[in-house]
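Contents: one structure, followed by commentary.
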Amino acid sequence: MISFVLRRLASAVPTLFIVVTISFFLMRFAPGGPFNLERPLPPTTMENLMRTYHLDQPLWRQYVTYLSNAVTGDFGPSYIYHDNNVAQLIGKGLPYSMELGFYALILAVVGGVIAGTIAALRQNSFLDFAVMSVSTIGVTVPNFVVGPVLTLIFAIMLAWLPAGGWGDGSFRFLVLPMIALALPQLAVFARLTRGSMIEALNTDHIRTAKAYGLPSRAVVITHAMRGAMLPVVSYLAPCAAALLTGSAVVETIFTIPGVGRYFVLGAINRDYTLVMGTVILIAIFVIVFNLLVDILYGLLDPRVRHD
Amino acid sequence: MADTTDSILTVRGLKVDFSTPDGTVEAVKGIDLDVHAGETLAVVGESGSGKSQTMMGIMGLLAKNGMVAGSARYRGQELIGLPPKALNEVRGSKITMIFQEPMTSLDPLYTIGRQIAEPIVHHRGGTFREARKRVLELLELVGIPEPARRIDSYPHELSGGQRQRVMIAMALANEPDILIADEPTTALDVTIQAQILDLLKSLQQRFGMAIVLITHDLGIVKHFADRVAVMRRGEVVEQGRTPEIFERPKSDYTKMLLAAEPSGRKVSPPDHAPIILEGRDMAVEYAIGKGLFGGSSTVFRAVDGVNLRLRQGQTIGIVGESGSGKSTLGRALLRLLPSSGYYRFGTTDISGFDRSTMRPLRRELQLVFQDPYGSLSPRLTVGEIITEGLYVHEPELSRAERDRRAIAALKEVGLDPASRNRYPHEFSGGQRQRIAIARAMILKPKVVILDEPTSALDRSVQGQVIELLRDLQRKHGLSYIFISHDLSVVKAMSDYVIVMRNGRIVEEGQTDAIFEAPREPYTKTLIGAAFNV
Chain G
1 MISFVLRRLA SAVPTLFIVV TISFFLMRFA PGGPFNLERP LPPTTMENLM
51 RTYHLDQPLW RQYVTYLSNA VTGDFGPSYI YHDNNVAQLI GKGLPYSMEL
101 GFYALILAVV GGVIAGTIAA LRQNSFLDFA VMSVSTIGVT VPNFVVGPVL
151 TLIFAIMLAW LPAGGWGDGS FRFLVLPMIA LALPQLAVFA RLTRGSMIEA
201 LNTDHIRTAK AYGLPSRAVV ITHAMRGAML PVVSYLAPCA AALLTGSAVV
251 ETIFTIPGVG RYFVLGAINR DYTLVMGTVI LIAIFVIVFN LLVDILYGLL
301 DPRVRHD
Chain U
1 MADTTDSILT VRGLKVDFST PDGTVEAVKG IDLDVHAGET LAVVGESGSG
51 KSQTMMGIMG LLAKNGMVAG SARYRGQELI GLPPKALNEV RGSKITMIFQ
101 EPMTSLDPLY TIGRQIAEPI VHHRGGTFRE ARKRVLELLE LVGIPEPARR
151 IDSYPHELSG GQRQRVMIAM ALANEPDILI ADEPTTALDV TIQAQILDLL
201 KSLQQRFGMA IVLITHDLGI VKHFADRVAV MRRGEVVEQG RTPEIFERPK
251 SDYTKMLLAA EPSGRKVSPP DHAPIILEGR DMAVEYAIGK GLFGGSSTVF
301 RAVDGVNLRL RQGQTIGIVG ESGSGKSTLG RALLRLLPSS GYYRFGTTDI
351 SGFDRSTMRP LRRELQLVFQ DPYGSLSPRL TVGEIITEGL YVHEPELSRA
401 ERDRRAIAAL KEVGLDPASR NRYPHEFSGG QRQRIAIARA MILKPKVVIL
451 DEPTSALDRS VQGQVIELLR DLQRKHGLSY IFISHDLSVV KAMSDYVIVM
501 RNGRIVEEGQ TDAIFEAPRE PYTKTLIGAA FNV
């Protein structure tokens with residue numbers, strides 16, 4: 001087990017290196033730069049800026065410098081947010097995004113699994129149809145629509161919840177963004193669970209469990225659910241990484257000071273270092289959660305146990 | 001009509017219907033059965049006869065689109081229409097079941113100990129910890145070695161035979177009145193099959209439960225059952241004591257089933273017939289358990305130093321249980337997988353041949369597989385399937401000529417030539433196997449390797465396919481390598497038999513010599529298991 005974890009962590013190093021390298025050069029080959037504004041800067045100012053940020057050096061040298069600094073935890077200055085470097089920006093925003101993402105993840109998993117299970121147990125009934133319709137809406141309606149609609153109903157018309165902001169960080173402020181963030185993922189979990197549950201309920205060993213007179217609660221929960229959770233658990237890793245690193249749309253609509261905006265804003269502004277920082281952050285989350293999910297998978301399924 | 005004096009399970013007018021998109025399918029059409037205390041009743045029939053669905057219907061285990069009607073009384077209690085809660089009191093306690101698929105009938109995510117304990121805890125109360133002692137006893141009883149260690153194993157860590165023993169332990173846990181065994185040995189090797197049946201018999205003598213044995217295999221029935229009910233198309237065509245059914249069958253269908261045991265022999269080719277295919281010191285190795293960083297690996301020898309000489313017009317039967325290397329040997333002979341040794345086809349040394357150098361020879365070396373469902377592409381018409389090889393080997397043929405050959409090939413295997421525009425799923429298993437044979441025959445091969453060609457078929461269909469293969473051989477002077485675990489089929493097909501085990505030849509010789517006077521203990525066990533279960 002320990003050797004499995006160590007091996008996986010060791011293999012994360014080359015993965016990260018490749019991710020960093022590809023995104024570094026992709027960014028640089030994209031047209032424009034951090035200081036190409038709508039109103040062009042005077043050439044001397046431009047030259048000064050380029051020198052200050054070492055953008056006048058050959059590309060390979062910038063790359064080597066970036067890599068060697070990044071290893072020590074220095075992700076460089078942001079070109080747009082002058083008061084903070086990239087590490088500080090992410091350090092400030094990440095707790096907000098993670099807290100919101102954590103609640104959204106819980107909602108998505110618990111809600112999705114319950115809805116999917118009910119749909120599977122009542123396959124082709126009205127209830128199944130209803131759950132699947134709602135989940136289709138969840139997948140297809142983008143959260144820049146869901147967010148404002150939620151705000152309109154619950155914050156403005158009913159005035160139950162605040163319309164946005166973090167406030168004092170109490171749960172009231174998190175409810176609407178959490179729902180907007182969780183809904184598409186909840187829909188995916190519901191569909192995944194329904195599909196794998198239907199499959200699990202038709203297996204031979206479920207027939208065995210029924211033939212031995214086990215009550216349907218035991219058949220469903222002990223035997224069908226555990227097997228049906230395997231594909232759901234696989235999806236957990238990319239989903240958790242996506243939710244915990246914030247969403248640009250949801251954070252913008254609900255004015256949440258998280259890190260989700262940085263990826264989009266950084267890319268639009270050609271804020272090279274900020275984009276790189278966000279990419280590395282997301283990559284690390286994906287790697288860590290994939291590892292956690294693989295361990296969890298082994299606990300659920302003895303056939304793939306890593307010993 | 002069976003007598004009802006001491007019937008503990010009385011089935012009257014039982015019907016099972018399935019609603020399908022094409023309308024209602026009547027799987028069981030109102031049958032009567034009686035199970036007496038302590039007896040073994042065999043319900044015999046071919047696939048689709050409704051024998052399994054009868055039991056599934058009684059036990060409330062039908063698929064969602066299935067409906068059961070009629071009456072099934074267990075010691076006076078009506079089971080049909082019983083609410084699930086009340087039915088669950090009977091299922092797994094008074095009436096238990098074991099199934100055909102020991103591989104999938106156990107939950108892969110729980111230890112076998114926990115799964116055997118589940119019905120005990122559920123029906124008798126108590127905790128899993130308390131049930132553990134009883135589980136150990138049961139494992140001992142069904143002959144699982146080292147029960148104390150095995151109790152915490154997962155199903156995938158056990159062999160097929162051991163899994164079936166685990167299922168039997170589960171079935172016995174609550175000392176049932178009736179044990180329903182649905183094709184309990186069909187998925188197992190012959191020697192394991194005999195062991196499982198012996199186990200069931202001895203447990204029955206000890207505990208006195210009735211056994212309902214659902215099977216297609218009359219060989220098992222003869223040695224195992226007290227009474228037999230023969231089913232066909234959802235009806236019981238004949239019912240009676242086993243010796244009566246075997247000695248004086250009344251219905252034509254029963255007579256046909258009894259006669260369907262493969263019979264007849266083929267005429268051996270002369271001793272001086274030329275050798276058409278030869279393999280010497282054949283070996284196939286696989287590396288297993290290789291570490292991520294290329295750590296130490298173990299070599300598994302699937303085929304280990306086998307010699308074989310096939311003469312023109314001859315059939316060599318290769319017999320062995322699963323994992324004996326018989327299929328691998330067939331593929332090695334056709335140079336379909338990396339193998340070492342010396343190989344000769346006709347007068348050509350093909351030892352060092354690769355894909356491209358083998359290609360011109362391929363048309364003369366054909367292969368027919370076991371699974372007529374998996375080996376035909378579902379998206380091609382039968383005509384396209386059987387003429388595909390012609391595109392490779394005779395690309396110059398005109399469309400009309402290809403069609404003409406397809407018609408001839410289908411006629412030859414006894415199928416309606418008009419069927420060449422239809423798709424494989426429209427055919428039965430036996431017809432599909434004929435299509436697979438037509439696909440090989442259209443190329444006019446010299447050697448055909450038949451890898452379990454009849455194992456997926458019902459007995460009556462099996463006999464027809466064997467007959468077809470023998471006819472084709474006589475007509476075209478073909479040479480066969482016939483790979484099978486089914487000894488009665490091998491006996492009817494082969495001139496010469498090779499018995500394999502763990503990749504090596506245990507014994508070989510003329511068919512008569514092997515079957516009548518086997519020398520090796522393993523061959524004796526195999527033959528004993530196959531013919532006197």
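Those sequence lines, one after another, are chains G and U. In this text, residue positions in the first sequence follow UniProt numbering: the first is 1, and each later residue adds one. In this text, residue positions in the second sequence follow UniProt numbering: the first is 1, and each later residue adds one. Every residue gets a Cβ at the ideal spot worked out from N, C-alpha and C, and that includes glycine. Quick caveat: nothing in here was measured; it's all calculated off a predicted structure.
Less than 8 Å between C-beta atoms, sequence neighbours within five positions excluded: which residues of the same chain meet that for residue i?
| i | result |
| --- | --- |
| residue 324/U | 500, 501, 502, 503 |
| residue 5/G | 291, 295 |
| residue 390/U | 397, 402, 405, 442, 443 |
My assumption, with CB atoms under 8 Å, is that residue i sits in contact with residue j. Please give the rounded CB distance.
| i | j | result |
| --- | --- | --- |
| residue 45/U | residue 51/U | 4 Å |
| residue 497/U | residue 508/U | 7 Å |
| residue 8/U | residue 75/U | 6 Å |
| residue 437/U | residue 368/U | 6 Å |
| residue 431/U | residue 457/U | At roughly 10 Å, the Cβ-Cβ gap does not stay under 8 Å, so residue 431/U and residue 457/U are not in contact. |
| residue 344/U | residue 386/U | Between residue 386/U and residue 344/U the Cβ distance is about 29 Å, and since that is not below 8 Å, they are no contact. |
| residue 138/U | residue 181/U | Contact doesn't hold; Cβ gap of about 17 Å is too wide. |
| residue 216/G | residue 84/U | 7 Å |
Take residue i and list the residues in its own chain whose beta-carbon comes closer than 6 Å to its own, dropping the five residues that flank it on each side.
| i | result |
| --- | --- |
| residue 166/U | 112 |
| residue 292/U | Annotation note: pLDDT 49 at residue 292/U (below 50); position unreliable, coordinate value reported separately. There are no such residues. |
| residue 270/G | 32, 33, 34 |
| residue 307/U | 280 |
| residue 85/G | 77 |
| residue 462/U | 454 |
So, with DSSP's three-state summary, where would you put residue i?
| i | result |
| --- | --- |
| residue 390/U | helix |
| residue 303/G | helix |
| residue 467/U | helix |
| residue 254/G | coil |
| residue 146/U | coil |
| residue 195/G | helix |
| residue 157/G | helix |
| residue 292/U | Low confidence applies to residue 292/U: its pLDDT is 49, below 50, so where it sits in the model is not reliable, and the reading given next is rough at best. Residue 292/U: coil per DSSP, three-state reduction. |
| residue 154/U | coil |
| residue 233/U | coil |
| residue 347/U | coil |
Suppose you measure from the CA of residue i to the CA of residue j; what does that come to, to the nearest Å?
| i | j | result |
| --- | --- | --- |
| residue 124/G | residue 236/G | 27 Å |
| residue 16/G | residue 108/U | 36 Å |
| residue 536/U | residue 332/U | Any question about residue 536/U goes unanswered here, given that chain U covers just 1 to 533. |
| residue 294/U | residue 11/G | Any reading at residue 294/U must be qualified, since the residue scores a pLDDT of 48, below 50, and its modelled position is unreliable; the value itself is stated next. Rounded to the nearest angstrom, the two C-alpha atoms are 16 Å apart. |
| residue 62/U | residue 188/G | 31 Å |
| residue 515/U | residue 199/G | 46 Å |
| residue 57/U | residue 411/U | 42 Å |
| residue 282/U | residue 318/U | 15 Å |
| residue 223/G | residue 204/G | 11 Å |
| residue 17/U | residue 225/U | 28 Å |
Can residue i and residue j be called in contact, C-beta distance under 8 Å?
| i | j | result |
| --- | --- | --- |
| residue 441/U | residue 472/U | yes |
| residue 33/U | residue 302/U | no |
| residue 181/G | residue 104/G | yes |
| residue 24/G | residue 244/G | no |
| residue 419/U | residue 276/U | no |
| residue 105/U | residue 208/G | yes |
| residue 238/U | residue 250/U | yes |
| residue 120/U | residue 136/U | no |
| residue 134/G | residue 193/G | no |
| residue 89/G | residue 274/G | yes |
| residue 184/U | residue 98/U | yes |
Going by beta carbon distance, what residues of the same chain come within less than 7 Å of residue i, once the five residues before and after it are set aside?
| i | result |
| --- | --- |
| residue 261/G | 248, 251, 252 |
| residue 301/G | 230 |
| residue 254/U | 230, 237, 238, 245 |
| residue 222/U | 242, 246 |
| residue 530/U | 190, 487, 488 |
| residue 35/U | 7, 8, 9, 41, 178, 210, 212 |
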